[in-house]
Amino acid sequence: MKHILLSLSLTAAVISTASAQSVSGTWDAGMNTPGGSSSFKILFQQKGDSVTGTVFRSSGEVPLAGTIKGDTLRFGYTISYNENSVRVAMVARVAGDSMVGFVEFNENARDAFWARRQKTGGPSVGADGAASPARKED
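Be aware that the sequence shown starts at 26, since it is given in our numbering, and climbs by one per residue.
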């Protein structure tokens, strides 16, 4: 009986410490909105299952926060639209350097969301959300 309990405990420990996929890096993203399709960049930083970062939109930068469990990423941020606060929440399944899921606006409208991680050494995101050429490392 002790061996069974020890085996179950070890199995549970391995499952609970299974690492989530890494989403760290810069991603080219897009989503459908009630006003049409929108493209933007996202910079994710990940520590364990906690995800933070910045969304680079044409109208400016906004911070994001979320979590990743296994291959499911959940994150959100708040924007101002027509002088109203809009909570934007994404849920996506991550598969290597791509993710696909949905976006919700104020927990009402729902539409498609997708993103692809930029390759290392590729363009970086500037403060205005525009891509700039990669810098050579010395």
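By construction, the Cβ of each residue, glycine as well, lies at the ideal position given by its N, Cα and C atoms.
Item                                                                                                                   : Value
Host beta strand (DSSP E) of Lys144 (start-end)                                                                        : Premise fails: Lys144 is in no beta strand (DSSP E) and is neither H nor E.
Outcome for Gln70 when other beta-carbon atoms lying within 10 angstroms are tallied against a minimum of 16           : exposed
Own chain residues within Cβ distance below 7 Å of Phe100, not counting five before or after                           : Val76, Leu89, Ala90, Gly91, Met115
Residues near Glu25 by beta carbon distance below 6 Å, same chain, minus five either side                              : The structure shown does not extend to residue 25, since the chain is modelled only from 26 to 163, so the question has no answer here.
Where Asn133 sits in the DSSP three-state scheme                                                                       : coil
Reduced DSSP category for Val48 - H, G, I as helix; E, B as strand; rest coil                                          : coil
Where Ser105 falls: helix, strand or coil (DSSP)                                                                       : strand
Range covered by the beta strand (DSSP E) that runs through Gly85                                                      : 85-94
Buried versus exposed, by CB contacts within 10 Å (16 or more), Thr51                                                  : buried
Boundaries of the beta strand (DSSP E) in which Gly61 is found, first to last residue                                  : 61-72
Distance between beta carbons of Ile93 and Gln46, contact taken as under 8 Å                                           : 7 Å
Neighbourhood of Gly55 by C-beta distance below 8 Å, restricted to the same chain and skipping five residues each side : Ser62, Ser63, Ser64, Phe65, Phe138, Trp139, Ala140
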